[in-house]
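Okay, structure first, notes after.
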């Protein structure tokens with residue numbers, strides 16, 4: 110089934126056990142990736158990566174992975190990124206399976222309306238399909254508020270706008286910054302707290318200082334390609350010590 114921008118947050122934060130397949134597609138892949146990360150957290154699952162090529166070679170392998178029971182009894186989310194049209198047969202088999210243990214998420218780029226993968230996902234009661242457009246204005250603010258709620262942050266529209274603007278409306282980056290801010294002010298889902306502008310000033314979550322914190326995160330996690338890309342965006346002249 111097709112999800113709307115007002116329903117997708119609930120779909121990933123409070124996953125329906127009847128949903129076997131989540132398709133996040135569209136030009137804003139960072140938003141798609143952010144939604145998949147929220148789904149992972151909502152499920153309390155671990156990521157298990159499967160490639161599109163493997164599913165193309167053996168469509169039944171997707172059903173096998175989704176139906177497998179973890180040795181340690183933990184939940185899994187089968188993760189396909191980037192997802193191509195080659196997974197269509199595997200997804201169709203997934204819908205026809207009697208039951209599955211683990212849901213599947215596919216992160217695709219732009220898909221045409223005639224895409225067979227998109228058509229079967231939107232038509233199935235066991236699927237959620239969402240097209241990620243670039244977020245702007247109130248939509249970007251709503252994204253920040255929704256993500257902040259996961260970390261126990263109460264965020265006003267003005268604070269949400271500041272964080273959205275300062276982080277390029279990128280949901281994944283916003284989530285990283287909000288997690289740091291939650292730790293800084295001692296917020297959690299069990300003990301929610303209001304996020305004030307002063308905390309953002311202290312942490313630098315929307316400024317050059319915040320950029321350098323992100324660079325440190327990327328370096329520590331080994332994301333060399335993304336680190337190189339972020340370095341090219343820094344202003345010339347360095348920063349004050």
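Numbering (the working numbering), first residue to last: 110 to 350. C-beta: ideal position from N, C-alpha, C; glycine also. No experiment lies behind these values; they were computed from the predicted model shown.
Legend entry - Where residue 167 falls: helix, strand or coil (DSSP): Coil at residue 167, not helix or strand.
Inset, instruction - Just grab the DSSP bridge partners of residue 262 for me. - result: For residue 262, the beta-bridge partners assigned by DSSP are 302.
Legend entry - residue 214 - DSSP class collapsed to helix/strand/coil: Judged by DSSP in its simplified three-state form, residue 214 adopts strand.
Inset, instruction - Say whether the stretch 164 to 174 touches the stretch 199 to 208, bearing in mind that this needs 3 or more beta-carbon pairs closer than 8 Å, one atom from each stretch. - result: Short answer: they touch.
Inset, instruction - May I have the straight-line CA-CA distance separating residue 282 from residue 112, to the nearest angstrom? - result: CA-to-CA, the gap between residue 282 and residue 112 works out to about 23 Å.
Legend entry - As assigned by DSSP and simplified to three states, the class of residue 185: Residue 185: strand per DSSP, three-state reduction.
Inset, instruction - Look up residue 123 in the DSSP assignment and say whether it is helix, strand or coil. - result: Coil at residue 123, not helix or strand.
Inset, instruction - Measure the Cβ-Cβ separation of residue 244 and residue 186 and say whether it is below 8 Å. - result: Going by C-beta atoms, residue 244 is not nearer than 8 Å to residue 186.
Inset, instruction - May I ask you to report which of helix, strand or coil DSSP gives residue 172? - result: DSSP, reduced to helix, strand and coil, places residue 172 within a helical segment of the structure shown.
Legend entry - Minimum C-alpha distance to residue 263 - residue among 296, 276, 152: Residue 296 is the option with its Cα nearest to residue 263.
Inset, instruction - State buried or exposed for residue 292, treating a residue as buried only when at least 16 other CB atoms are found within 10 Å of its CB. - result: Classification of residue 292: exposed, given that the 10 Å Cβ count is below 16.
Legend entry - Buried versus exposed call for residue 119 [16 or more other C-beta atoms within 10 Å across all chains shown]: The C-beta of residue 119 has fewer than 16 other C-beta atoms within 10 Å across all chains shown, which makes the residue exposed.
Legend entry - Contact check, residue 212 vs residue 309, beta carbons under 8 Å: No. Outside cutoff.
Inset, instruction - Please work out which residues of its chain come closer than 8 Å, Cβ to Cβ, to residue 311, disregarding the five sequence neighbours upstream and downstream, and give them in chain order. - result: Cβ within range, chain order: 293.
Legend entry - C-alpha gap between residue 284 and residue 168, whole angstroms: Rounded to whole angstroms, residue 284 to residue 168 spans 34 Å at the Cα level.
Legend entry - Start-to-end residues for the alpha helix (DSSP H) that takes in residue 145: 138 to 152 is the extent of the alpha helix (DSSP H) around residue 145.
Inset, instruction - For residue 132, name the three-state secondary structure that DSSP assigns. - result: Residue 132 falls in the strand class under three-state DSSP.
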